[in-house]
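Written below as structure tokens is the structure these notes are about.
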DNA sequence: TTGATAAATTGTGCATGTACAATTATAATG
DNA sequence: CATTATAATTGTACATGCACAATTTATCAA
């Protein structure tokens with residue numbers, strides 16, 4: 155683990171241990187540098203990381219403060235990773251409906267950038283949160299990049315397997331969202347009625363080297379899903 | 155404008171001028187440093203900024219590459235700013251339904267962190283995209299921070315006014331999203347039917363110093379809104 | 001007490017330099 | 001020709017140092 159990541163983790167722990175709340179002030183930069191025995195560069199990178207994660211915010215001339223969202227029960231969107239990480243408070247389970255190795259359909263090939271005839275793993279599963287239906291997920295993994303999957307892996311966290319077992323480095327993702335009325339088919343899976351509202355998110359995941367390896371379409375159960383996003387300005 | 159921001163802008167222009175596409179390689183770091191006559195630190199910060207904006211991605215040992223989303227007609231969510239910035243391709247208009255200065259309602263006070271009895275500007279408006287109804291927006295601005303607003307300002311971009319005219323520095327925001335069935339009242343404004351799907355986003359906007367100044371609730375017209383988010387891993 | 005002014009505090013911008021990791025290109029080997 | 005080992009390329013981590021901007025605190029004048 156890199157030093158600035160490690161330091162960031164330690165600062166998070168510090169915030170926990172001291173039970174700091176929204177708006178509470180952390181030690182000043184100089185003090186943090188001494189306390190964690192790192193250089194200014196490293197500490198700055200650590201703080202920047204924490205800022206991006208929505209843990210703190212920094213005010214020049216004033217100090218470094220804790221940032222927290224007050225609402226509970228919201229799923230943190232856009233942590234790139236699956237849910238597994240940011241839903242430690244919740245009980246996530248999966249029910250695999252379909253799992254097969256197929257030639258990549260044309261519509262999918264466009265999104266995942268695969269060549270014609272290339273094989274992909276197709277996975278269809280229902281995901282539950284605290285016993286309730288959270289979403290229906292259909293995903294396609296390029297076998298060229300993910301050579302092997304099985305049901306056992308799929309019932310757990312796929313991404314964790316990719317990173318730890320396969321050593322893949324997950325980089326960035328493009329997400330396309332829209333809201334609409336559920337089709338009878340999807341509604342059936344979610345135990346809802348056709349025409350009920352649904353949030354659909356299509357995502358193309360890329361490795362750090364830019365190669366797309368996974369295209370997924372998730373439709374969320376509107377009664378069991380709500381999301382929080384902590385945005386940081388992008389200074390034009 | 156800061157040097158690294160300026161440099162980032164110039165690199166964006168470079169990408170445009172050379173009509174670089176998804177996956178195309180930029181000059182190597184050393185070359186960029188010479189070409190734009192800045193230090194390594196500055197160039198690195200510029201590239202990091204562009205990476206966060208989803209313009210490029212970097213691969214160690216390999217190079218710097220252009221990143222583009224292929225889909226058109228999607229609204230970029232989470233640029234912190236209003237739409238004005240990232241919707242240059244679209245025609246955005248507003249129709250103000252209500253505009254008044256009122257004592258802050260209790261439910262709102264919790265979100266925007268105002269003291270009891272504090273005055274807030276309440277604004278209710280319909281926003282149009284390319285002639286179609288995009289969303290219904292209700293927002294509350296603390297007068298303690300935003301001392302003055304008028305109809306003319308409101309019909310344009312409020313955030314632009316806050317930054318340029320008032321010199322406020324907009325920092326971060328917390329967004330809470332959920333999907334549901336529209337009430338008859340909201341549906342009426344959107345020219346939809348009660349029970350139709352709707353995406354609702356509540357947002358609390360903060361200044362860079364952490365003070366919340368705006369709470370807004372936006373309900374999107376499901377047929378005229380679709381969003382794209384370019385996420386970058388957060389390396390646990 | 002109020003309000004302006006100066007000074008101290010504190011985070012950010014920018015430059016330079018060393019070391020290193022991941023990738024890619026090249027050379028050697030069978 | 002394929003494979004392996006080696007070297008060159010290229011971005012990232014980390015340290016140090018100087019200058020500066022925004023904020024807060026202290027000081028002084030009225």
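Protein chains in written order, with this note's numbering: chain D, 155 to 390; chain Z, 155 to 390.
All residues carry an ideal CB built from backbone N, CA and C; glycine is no exception.
In this text, all values refer to a predicted model and were calculated from it rather than measured experimentally.
- Taking the C-beta atoms as reference points, residue 246 of chain D is found nearer than 8 angstroms to residue 283 of chain D.
- Annotation: residue 190 of chain D to residue 318 of chain D spans about 28 angstroms, alpha carbon to alpha carbon.
- Burial of residue 329 of chain D is indicated by the presence of at least 16 other C-beta atoms within 10 angstroms of its C-beta.
- Look at residue 197 of chain Z here: in three-state DSSP terms it is helix.
- For the pair residue 291 of chain D and residue 324 of chain D, the Cα-to-Cα distance works out to about 19 angstroms.
- Separation of residue 264 of chain Z and residue 173 of chain D (C-alpha to C-alpha, rounded to the nearest whole angstrom) is 21 angstroms.
- Going by DSSP, residue 275 of chain Z is part of the beta strand (DSSP E) stretching over 273–283.
- Residue 297 of chain D sits away from residue 333 of chain D, with the two beta carbons spaced by 8 angstroms or more.
- Each residue's CA atom was taken as its position, placing residue 293 of chain D and residue 269 of chain D some 17 angstroms apart.
- Counting only Cβ-Cβ distances below 7 angstroms, residue 387 of chain D has contacts in chain Z at 234, 324, 325 and 326, in chain order.
- Proximity of the stretch 216–231 of chain Z to the stretch 176–194 of chain Z meets the contact definition, three or more beta-carbon pairs being nearer than 8 angstroms.
- In this structure, the straight-line span from the alpha carbon of residue 257 of chain D to that of residue 272 of chain D is close to 6 angstroms.
- Here residue 295 of chain D is buried. Its C-beta has 16 or more other C-beta atoms within 10 Å.
- Ranking D/302, D/377 and D/214 by CA distance to the CA of residue 287 of chain D puts D/377 first.
- By the CB criterion at 8 angstroms, residue 353 of chain Z and residue 331 of chain Z fall inside the cutoff.
- About 5 angstroms separates the Cβ atoms of residue 381 of chain Z and residue 229 of chain Z, confirming a contact at the 8 angstroms cut-off.
- Taking the beta carbon of residue 194 of chain D as reference, no residue of chain Z falls within 7 angstroms; the closest one sits roughly 12 angstroms away.
- Runs of alpha helix (DSSP H) with 4 or more residues, each lying fully within the stretch 316–362 of chain D, are found at 338–344, listed in chain order.
- Leaving aside the five residues that flank residue 253 of chain D on each side, the residues in its chain whose CB is nearer than 7 angstroms to its CB run, in chain order, 277, 305 and 308.
- If you ignore the 5 residues before and after residue 214 of chain Z, its C-beta comes within less than 8 angstroms of no other C-beta in its own chain.
- Judged by DSSP secondary structure, residue 260 of chain D falls within the alpha helix (DSSP H) whose first and last residues are 260–266.
- A Cβ of chain D is located within less than 8 angstroms of the beta carbon of residue 332 of chain Z.
- A direct Cα-to-Cα measurement between residue 312 of chain Z and residue 386 of chain D gives close to 19 angstroms.
- A straight line joining the alpha-carbon of residue 211 of chain D with that of residue 204 of chain D spans about 8 angstroms.
- The contact set of residue 335 of chain D on chain Z, defined by CB atoms closer than 9 angstroms, consists of 350, 351 and 376 in chain order.
- Exclusion of the five residues before and after residue 196 of chain Z leaves 157, 158 and 161 as the residues of its chain whose Cβ lies within less than 7 angstroms of its Cβ.
- Each residue's CA atom was taken as its position, placing residue 202 of chain D and residue 199 of chain Z some 12 angstroms apart.
- Per the C-alpha coordinates, the member of Z/167, Z/209, Z/372 and Z/364 positioned closest to residue 266 of chain Z is Z/364.
- Distance from the CA of residue 224 of chain Z to the CA of residue 367 of chain D, rounded to the nearest whole angstrom, comes to 17 angstroms.
- Along the stretch 159–180 of chain Z, going in chain order, the ones with a CB nearer than 7 angstroms to a CB of chain D are 159 and 177.
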